[in-house]
Each structure stands twice: as C-alpha cells, then as structure tokens.
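2 protein chains.
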Amino acid sequence: MPPLQPASITALRTQSEPLSFAIAPAISSDAFKSAHTRDLPHAKRWDDHWSIESRGFEGSALKRSAIQPSDRKVISLGTGRPTADYYPWDSMTTESMPPTLAANGLNYGSGIGSPHLLRFVTEHVEMMHQPRYSDWAVCLSCGSTSALDIIYRIFCNRGDTILTECYTYPGAVEGAGLQGIQVQGVCMDSEGLHPDGLDDILRNWDTSLASKPRVLYTIPTGQNPTGVTQSVARREQIYQIAETHDLIIIEDDPYYYLRLGMQSDDKPDGQGNGGDSVLTAIDRFQAQAVPSYLSIDRSGRVVRLDSTSKILAPGLRAGWVTASSQVINKFVAYQEVSTLGINGPTQLMLWKLLDETWGHEGFLLWLSDLSRRYQSRRDILLRACEKYLPRGLVSWNCPQYGMFLWLELDYRQHPLLRHHTTIQSDVKTFLVQVESRIVLKALEHGVQVTKGSLFSPSPECRRMLYIRLTYAAAPALDLSEGVKLLSDVLREEFSLEADMV
Amino acid sequence: MPPLQPASITALRTQSEPLSFAIAPAISSDAFKSAHTRDLPHAKRWDDHWSIESRGFEGSALKRSAIQPSDRKVISLGTGRPTADYYPWDSMTTESMPPTLAANGLNYGSGIGSPHLLRFVTEHVEMMHQPRYSDWAVCLSCGSTSALDIIYRIFCNRGDTILTECYTYPGAVEGAGLQGIQVQGVCMDSEGLHPDGLDDILRNWDTSLASKPRVLYTIPTGQNPTGVTQSVARREQIYQIAETHDLIIIEDDPYYYLRLGMQSDDKPDGQGNGGDSVLTAIDRFQAQAVPSYLSIDRSGRVVRLDSTSKILAPGLRAGWVTASSQVINKFVAYQEVSTLGINGPTQLMLWKLLDETWGHEGFLLWLSDLSRRYQSRRDILLRACEKYLPRGLVSWNCPQYGMFLWLELDYRQHPLLRHHTTIQSDVKTFLVQVESRIVLKALEHGVQVTKGSLFSPSPECRRMLYIRLTYAAAPALDLSEGVKLLSDVLREEFSLEADMV
C-alpha cells in the first residue's frame with residue numbers, strides 16, 4: 031500500500047463527522063485515521079509496564095463530568111468555566127511588537143518567565159500583598175494545576191498526608207493521589223476551614239500509622255466548591271496553627287480578585303458603582319481586599335498560587351507562584367526539566383495587555399469591573415434560588431467572592447427516608463443514588479449541575495447532600511431558567527408540591 | 031507604611047537597570063522589588079521540608095551553561111536554539127478567526143488537544159510514519175521535555191535504570207535523575223547507539239543489584255550531541271533487541287525533519303533544489319525520510335516524541351506524542367492533573383498556520399525549505415572546519431540530519447601528556463581541566479561552544495575529549511569566524527603552530 035498522500039486526506043475529511051466546536055470536547059485521534067490503519071492488528075497490552083505511580087490512574091473525574099456536546103440546549107450551572115464574553119481579547123496582533131520581544135516570545139525563554147512580564151507581576155504582588163519578609167520571589171507558571179503538581183513534588187513523598195478543606199477542588203485531590211499522597215479533609219463552617227478541626231487532627235496524629243502532615247492545601251477565598259471566604263481572624267488562627275505544627279500552606283487563590291460583596295437587590299445590573307475614578311478603584315481594591323496568607327506570612331511558609339484562568343482566560347495556561355526564594359528556586363528547576371515554564375505566545379499576550387496596554391491601574395480597573403459583572407450574575411442566581419427553590423429543603427449562603435453557590439439539601443426529608451427508616455443503616459449509598467438521580471434528571475431537563483460528592487476527599491464528609499452551582503458559564507439570561515429547571519427536579523425527587531416553598 | 035501604589039512603581043522602574051532583551055536571561059524577581067521589601071527580615075530555612083525527589087535538585091546544567099548577556103559580541107556555536115530568522119510568523123492576527131475557535135483557544139481545552147489541531151497532526155503522523163498496528167493514538171503535548179517528564183512517570187519507578195546513548199540530551203538525564211531513575215549509557219559508533227552494546231548490557235544485567243532496564247531513550251536522527259543518524263538496518267536491529275528484552279523505546283526525534291543530505295560543495299547557498307514542484311517535495315520527503323521507530327513498531331512499544339521547537343519555534347512549548355492508545359490515555363490523564371495540555375494561543379497559532387494556511391503540502395514544503403537552509407549553514411560550518419581546524423588533532427563526521435557537529439579531539443597530543451606521562455594516571459580529571467580551559471578561552475575570544483562532557487550520563491564515557499558545535503543559532507555570516515576563533519584556542523591549548531594543519 032502506498033504512503034498516505036495529501037489528496038487522500040482531503041477525501042478522508044469529507045467522509046468524516048464534522049469537527050466539534052464544543053469547549054473541551056471528548057475526542058481521540060481515532061476519528062482522524064484512515065480506514066486502512068483501523069484494520070491493522072492491535073498493539074500488545076502494556077499493563078505490566080506501568081510505574082507504581084501511573085498504575086490505575088485515569089485522570090480527572092471532574093473533567094469527565096463536564097457537559098458533552100449534544101443537539102439539545104443545556105444550561106450549564108455545572109463547570110466553573112468563565113464565559114467567553116469576559117475574555118479581554120477580541121482580536122490580537124503582534125505586528126506592532128518590537129522584533130526582539132517577538133523573537134523572545136517564540137524562542138526558548140527563562141524557566142522563571144520573561145523579564146518584562148516578571149517585572150509587572152512582581153510589582154503587582156508587592157502592591158497587593160505587601161509581604162512581611164524580604165526574600166520572597168515570584169515565578170510565572172503554566173497555570174495553578176501545573177504549579178500544584180510541582181509543589182507537591184517539591185514537598186511530599188509517597189505515603190505522606192496533606193490536609194485540605196473537607197470539600198475541595200478535585201484536581202488538587204487527584205494530583206495528590208497520583209503521587210501517592212493521602213488527602214485528609216478538615217471540617218468547615220460558614221467561614222471555611224475550621225481551626226479547631228485542623229488543630230485536633232495535628233495534635234492527635236498517630237505517627238505510628240503515618241507521618242504527620244506537613245502541608246495544608248487551602249482555597250481561602252470564594253472556596254471551590256463551597257463559595258465561602260475565610261475571615262481575617264480565621265486566617266490568623268490557621269496561620270498560627272501552621273506555625274505551631276510547622277505546616278507549609280499552599281494558598282490556592284484563583285478567586286481572590288472576584289470580590290462580589292453583599293447581595294445588592296437594588297442594583298440588578300451590577301453597574302451601580304460604575305462611576306468610580308481610577309484612584310478610587312485602586313484604593314477600594316487594596317483597602318477592602320481580604321488579606322492573603324502571603325500577606326500574613328512572616329516565616330516564608332506560604333506558597334501562593336495565582337491564576338489567570340478566572341480573571342483573563344483559562345486557555346492561556348498561565349499563572350504565578352509566590353513563595354520564599356528557596357521554594358521558587360526549586361520550582362524554577364522543576365520547570366526547567368518539564369514544561370520549561372510559561373509558553374511564549376501567552377507571555378507576549380499577557381505582557382502586552384497588562385504592562386503595555388493597561389498598566390497597574392488598568393489591570394485593577396479590569397478586575398473591579400469583572401467583579402461587578404460576576405456580582406450581577408451571582409445576584410441573578412441568588413434571586414432565582416429565592417424564587418424557585420423549596421426553602422425548607424435547600425439552604426445556601428451568599429458567596430462574597432468567586433463563582434460558586436453551594437446548595438445544601440436536607441436529605442432527611444426524602445420520602446424514602448421518611449417512610450422506610452431501615453435505609454438509615456446505609457445512608458451513604460442512598461445519598462449517592464439520590465445525588466446521581468438529581469444530576470441526571472437535571473441534565474434531562476436541560477440544566478447541568480455538579481454533584482457535591484465529587485469534591486469530597488474523605489469518606490466521612492459524604493453523609494451530606496450538596497449540589498454546586500456556578501454563575502460563571504451560562505449566558506446571564508439563562509441563569510434563572512436553569513435554577514427553575516433544577517427546582518422542578520428537586521420537587522419531583524422529594525415529592526414536594528409544585529407550589530410549596 | 032502605606033501599601034505600594036502605582037505611582038511609586040513608576041519611580042521604582044526609572045531607578046532600575048534596563049530590562050534584558052537576551053534569550054532566556056538569568057533573572058529573578060529581586061530586581062523588581064521595592065527598597066522597603068529588601069530591608070525586611072529573611073524567610074526561615076526550609077531545608078528539612080524538601081521531598082526525597084526535590085532534595086538537592088537544582089535544575090538544568092545545560093541552561094546554566096548558556097550565554098549570559100554582555101556588551102561583548104559572542105558568536106554562539108553553543109546552544110541549539112534556532113535563529114529567530116527561521117520562525118514562520120512575522121506577525122499574527124486573530125481578527126479573522128471564527129469566534130467559536132477563538133473562544134476555544136482562550137477557554138479550557140481538552141487534555142489531548144483541540145479537534146482541529148489533533149486532526150491535522152493525526153493525518154500528518156499517519157502520512158509520515160504509516161504505523162503498522164491499528165490502535166495508535168496522538169496527543170498534543172507541552173513540548174517534548176514536558177512529555178518526557180510524563181513518560182518517565184508513566185513507566186519508571188525510583189531506582190529503575192533506563193538506557194540511553196552514552197552521549198545524550200542532558201534534559202533527558204536530569205529529568206530522569208529528578209525522579210530517582212538511573213541512566214546507563216550504551217556505547218555508540220558512527221551509526222549511533224550500538225546494538226551489541228545494548229544487547230550485552232541487557233543479557234548480563236545483574237538483577238540482584240537493580241531491576242533490569244525496561245526503557246530505552248534514544249534520539250535516532252541527527253542525535254544530540256553527536257549529530258549521527260541511525261541507519262534503517264541499525265534501527266531494525268535495535269528494535270529486535272527491544273522485542274527480545276521487552277523494552278519500551280522512547281523515540282525523541284526533534285531533528286527528524288531537518289534532513290540535510292550530503293555536503294554540497296557546489297551549492298554554497300543551499301538553493302540548488304529550489305525549483306521543486308509541490309509533488310516532488312512531498313515524494314522526496316516521504317521516499318527519502320529515514321523510517322522512524324514508530325513506523326517499524328508492530329507491538330506498540332514505541333513512544334514517539336515530536337516537537338515544534340526546531341521546525342517552527344521553541345517558545346510555543348508544543349509537540350505531539352504518538353504511541354499505543356494505552357499509553358496515550360495515561361498521558362492525557364497526566365496532562366489533566368498538571369499542565370492541562372497544550373496552551374490555547376499556541377494551539378490557535380499552529381492550527382491557523384498548519385491547517386488553514388499551509389495544509390499538508392505546505393507544511394512539507396516548509397520543512398524541505400528549512401532543511402535546505404540548515405544544509406547551507408551546515409556546509410558553511412563544515413567548510414570552516416576544513417579550512418581552520420587542525421586536522422591531525424580534530425576529527426568529525428558530516429551530520430546528515432539536525433543541527434549539531436561533534437568534534438573529537440585527540441587529547442593524547444596534549445603537550446602535558448606528551449611530556450609528563452605520569453598524568454595518565456588521572457586522565458579524567460586532566461580532561462575536565464583541558465575541556466574547561468578550552469571553553470572558557472573560546473568565550474574570551476568571542477565564541478561559545480559546548481563541553482562534550484555535559485552530555486555524558488555515565489562516567490565511563492568521560493575518557494574522551496569532545497566539543498559540540500551548532501550551526502543553528504549564530505548568524506550565518508558569523509559561523510566561519512566562530513570556527514576560526516575556536517581554532518586559535520585549540521592551537522594555543524595544544525601548542526600547535528598557527529600554520530600546522
């Protein structure tokens with residue numbers, strides 16, 4: 031058989047299914063092979079060649095739970111993907127860029143980032159966080175998931191245990207699991223991770239069973255999935271416990287800039303503060319921003335992860351890590367033998383936008399404006415929840431930061447539990463079934479929501495029933511309809527009258 | 031002290047050193063902090079918090095050996111960075127891009143790559159390599175260094191040994207070392223890695239000391255640093271040994287497309303074949319390309335790494351991995367909890383260039399043309415070597431692929447060895463000193479070259495004296511002058527008459 035020629039590729043394409051334009055579709059290269067290659071024999075099985083680390087590892091459950099394309103309209107209240115309307119680039123051109131910079135963006139770069147972008151980010155970090163020790167440092171990253179993978183490698187061995195909120199970002203749990211790191215959840219209240227819970231675990235740790243945790247992973251602001259934000263006092267308490275027990279704190283803070291404030295019923299379009307002057311916006315941001323762990327840190331025990339995914343665009347795969355220079359030197363070394371650091375085109379786009387176009391003031395104004403837009407979306411979702419959801423069954427808090435609303439369902443009201451008390455003996459299995467049914471039915475009704483149990487690293491957390499909603503992804507006009515559809519499903523599952531609130 | 035304000039940042043910048051426009055400069059964020067922060071106390075020491083993996087790890091030696099900016103002109107024959115003249119983008123614009131695609135490039139993507147780019151790459155792989163089994167698959171990567179880090183994690187445990195050429199890419203050795211993987215070099219001849227050497231090591235492996243190697247890492251084409259290309263027969267022999275001993279073959283093949291052919295003294299500008307028609311170029315590429323391990327593979331034991339770094343632009347941080355779908359599924363899973371795969375802006379640039387602008391024919395024409403340009407540069411360098419280098423001392427082969435020329439120095443001619451035979455007892459230390467002196471003196475004279483010992487994973491290889499040159503980085507007009515400067519240094523070190531050839 032002669033080698034495949036360009037002409038036959040054209041024919042191949044015309045016979046194939048049209049390409050998907052969905053966000054992150056599930057695809058494989060199988061769709062693009064010729065009929066000839068599909069008829070060949072299969073590869074051998076390589077199961078006995080996997081490393082200890084990779085054996086049994088199958089990737090991200092949250093990603094598998096994302097909407098797959100279909101002809102039906104589905105309103106996504108499920109995946110925390112910012113709407114494309116909020117990306118600050120309508121078009122891009124590099125024609126006006128100095129040739130040396132363009133060459134740098136396309137040539138090999140430093141593992142730490144280009145001087146131009148690193149300067150802007152360093153200045154920004156100092157301005158926002160005012161670190162209290164001198165030898166902190168910043169490194170550009172390939173996004174916070176990549177950064178977290180490296181930070182785990184820097185601090186953790188197989189068999190170690192790290193501590194997290196008892197509901198947390200599944201990517202952090204899966205990344206740890208891949209490296210053979212155990213994850214233990216710490217109980218939470220309305221201010222997030224509970225200091226007493228943290229202290230209890232550390233004080234009563236049985237070192238004969240496993241070595242004492244040395245790393246705390248926390249999402250302190252607009253936490254994923256609960257939406258809660260740790261107060262200043264809460265952060266100080268947790269930091270003190272970290273000092274006592276010598277914990278590294280990984281501060282994963284992608285929602286830090288999405289400051290939504292209180293619910294504003296009288297400003298439904300979220301534009302009520304649109305007349306701010308430049309200086310007011312900056313002052314307000316600095317004065318009202320909740321202090322980060324980085325800004326509390328005196329010992330250099332905090333590793334802060336910032337990301338451009340929620341504030342500029344996720345496809346950039348960019349962020350920055352701030353920590354003591356000891357940690358950053360290690361981090362850069364890891365990037366040098368893996369990703370080689372942030373990619374050039376993204377770096378150029380960020381530098382051109384942040385430093386050359388916006389400057390520090392403009393960046394903060396963008397963040398203020400973006401926050402207002404998310405505030406407006408959050409308020410629409412909250413009003414829809416108040417209007418449609420059965421109040422006796424579902425409860426929630428108003429998120430002050432970020433993009434998530436966490437619904438707690440009082441599962442004890444489920445008719446099967448009210449009438450068949452024997453089920454109590456295996457509530458966990460029962461809850462898994464109810465949760466699956468709700469999410470599947472919701473999808474059939476045309477709204478995607480996310481199971482709370484996906485976020486639970488420790489089995490003991492799974493005796494509750496939660497649903498995570500996001501107001502980031504769907505068109506603003508669809509948010510209310512999405513909640514109404516979910517409400518119908520909940521009323522059906524819990525056998526509530528349609529008019530009962 | 032009040033928080034840092036944008037106005038003080040402007041002042042800070044005017045007081046600072048101007049930014050470096052060098053390629054991959056050595057920088058840290060220290061340069062961009064305010065005086066206030068530099069006066070604060072230091073972080074605590076965190077030495078006892080490093081993991082087993084990260085303890086002692088300090089990153090890439092090759093990167094540290096790269097030229098740092100200075101006011102002096104230095105001709106780089108050292109680092110294999112393609113000249114910016116050879117990047118196929120003069121300017122970029124996304125204004126004409128369909129909005130859905132632009133949104134995909136900026137939103138979260140699939141860990142495997144976008145359908146649009148994956149289709150093109152899958153077609154290209156089938157056309158170039160014609161795999162002999164059916165369930166191969168392709169995944170876009172964040173460049174081959176990142177891909178290699180993941181492939182090691184998929185197949186190797188701490189304490190395992192992998193086999194490589196006895197001189198090889200230091201990033202591959204450092205990445206393995208980081209993961210606690212031993213690297214054993216296999217002897218080479220003028221066709222690269224030697225099958226008998228490979229077979230000997232595997233047959234005589236003492237499993238009581240370490241588990242038998244299960245992975246071979248090879249750069250089969252235009253090998254870095256030696257420039258040699260394995261013949262078809264050589265590849266078949268090595269593949270057969272891999273079958274016998276059940277080795278995974280990592281085929282790292284970034285120079286596959288840079289096919290230079292024989293030295294062409296009568297066509298100094300390399301443009302002699304410029305009149306090829308489209309079909310001829312494709313036919314020639316397919317007919318004359320050396321068969322890859324992927325194309326020989328029947329079992330699915332080959333993991334092939336392709337990179338855009340040497341053929342389009344290194345800053346893209348992009349490439350693709352081809353292997354059995356079993357391996358690719360693992361690979362995608364790893365990307366899902368680390369980099370999340372290739373970044374969006376690069377993906378858009380590649381799709382627009384490869385699929386929308388060039389098509390398959392255009393891409394192959396680009397590669398043919400690029401090969402001709404490298405051929406011209408190689409020929410300039412070879413002619414300069416013939417003209418200037420002392421032939422009795424230095425020998426080399428004509429590289430058929432890639433960007434490297436490997437000079438072997440007959441160290442026994444060194445005056446200190448000729449006159450003081452006692453030094454023979456510690457030749458290795460002596461060679462290290464000679465090599466360092468040559469490279470340092472060359473830099474003082476204005477030319478950068480790379481020590482051969484940097485590429486040697488096994489100490490037993492270090493009883494020779496090699497220098498690696500590249501014709502990829504320096505302006506073509508400087509190549510000859512660079513060799514002349516090196517020649518002066520060699521003649522001085524070896525006390526040769528200036529006119530002795």
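Protein chains in written order, with the numbering used here: chain A, 31 to 531; chain B, 31 to 531.
In this text, a Cβ means the ideal position worked out from N, Cα and C, and glycines have one as well.
Cutoff 8 Å: residue i Cβ touching any chain B Cβ
i	result
N137 (chain A)	yes
V262 (chain A)	no
W119 (chain A)	yes
Q318 (chain A)	no
Q301 (chain A)	The pLDDT assigned to Q301 (chain A) is 44, lower than 50, so where the model puts this residue is not dependable, and the model offers no usable value.
P145 (chain A)	yes
G28 (chain A)	Because chain A spans 31 through 531 in this model, residue 28 (chain A) falls outside it and cannot be assessed.
L526 (chain A)	no
S354 (chain A)	yes
Beta-carbon proximity check, residue i vs residue j, cutoff 8 Å
i	j	result
A37 (chain B)	E47 (chain B)	no
A353 (chain A)	R328 (chain A)	no
S525 (chain A)	S176 (chain B)	no
G252 (chain B)	L435 (chain B)	no
Q214 (chain B)	S486 (chain B)	no
Y199 (chain B)	G432 (chain B)	no
G135 (chain A)	Q377 (chain A)	yes
A91 (chain A)	L484 (chain A)	yes
Q478 (chain A)	L107 (chain A)	yes
Test: residue i CB closer than 8 Å to a CB of chain A
i	result
P420 (chain B)	no
K360 (chain B)	yes
H449 (chain B)	no
A73 (chain B)	yes
T194 (chain B)	no
S329 (chain B)	yes
T259 (chain B)	no
S106 (chain B)	no
F434 (chain B)	no
R18 (chain B)	The shown model of chain B, from 31 to 531, leaves out residue 18 (chain B), and the question about it has no answer.
K297 (chain B)	In this prediction, K297 (chain B) scores a pLDDT of 46, lower than 50, which makes its location untrustworthy; no coordinate-derived value is stated.
Within chain A, the residues that residue i reaches when beta carbons sit closer than 7 Å
i	result
V168 (chain B)	S59
K63 (chain B)	T152 and E156
I184 (chain B)	W80, S81 and S84
V351 (chain B)	Within 7 Å Cβ-Cβ: nothing; V351 (chain B) doesn't reach chain A, min ~11 Å.
D179 (chain B)	V367 and S368
Listed by chain order, chain B residues near residue i by CB distance under 8 Å
i	result
Q3 (chain A)	No answer is possible for residue 3 (chain A): it lies beyond the span of chain A, which begins at 31 and ends at 531.
L49 (chain A)	P145, H146 and R149
F485 (chain A)	Those do not exist, as F485 (chain A) stays about 15 Å from chain B at its closest Cβ, beyond 8 Å.
L34 (chain A)	E153, E156, M157 and Q160
I39 (chain A)	E153, M157 and H390
Where residue i meets chain A, residues with beta-carbon distance less than 8 Å
i	result
G205 (chain B)	V367 and S368
S140 (chain B)	A54, P55, A56 and I57
R244 (chain B)	H79
L208 (chain B)	Y364 and V367
Listed by chain order, chain B residues near residue i by CB distance under 7 Å
i	result
E88 (chain A)	A363
S164 (chain A)	T67, R68, D69, L70, P71 and H72
Cross-chain neighbours of residue i in chain B, by beta carbon under 9 Å
i	result
N373 (chain A)	C172, G173, G345, L346, R347, A348, I372, N373, P375 and T376
Exercise. Within the chosen definition, does the segment 403-411 of chain B reach the segment 261-275 of chain B through at least 3 CB pairs nearer than 8 Å?
Worked result: no
For this session: Decide yes or no for the touch test of the segment 328-346 of chain B against the segment 365-385 of chain B: beta carbon pairs closer than 8 Å, at least 3 of them.
Result: yes
Exercise. Between the segment 379-394 of chain B and chain A, which residues of the former have a C-beta closer than 9 Å to a C-beta of the latter?
Worked result: M379, G389, H390, E391 and L394
For this session: Could you tell me whether the segment 391-407 of chain B touches the segment 214-222 of chain B, where touching means 3 or more Cβ pairs closer than 8 Å?
Result: no
Exercise. Which residues, in chain order, does the segment 266-278 of chain B contribute to contact with chain A at a C-beta distance below 9 Å?
Worked result: D276 and I278
For this session: Select from the segment 394-408 of chain A all residues with a C-beta closer than 7 Å to any C-beta belonging to chain B, and list them in chain order.
Result: none
Problem set entry | chain B contacts from the segment 334-348 of chain A (Cβ-Cβ distance under 9 Å) | S339, L342, A343, P344, G345, L346, R347 and A348
For this session: Inspect the CB distances between the segment 77-91 of chain A and the segment 464-475 of chain A and report whether three or more fall short of 8 Å.
Result: no
Exercise. What are the residues of the segment 504-524 of chain A that lie near chain B, defined by any Cβ-Cβ distance shorter than 9 Å?
Worked result: none
Exercise. Taking three-plus beta-carbon pairs below 8 Å as touching, is the segment 177-195 of chain B in contact with the segment 152-165 of chain B?
Worked result: no
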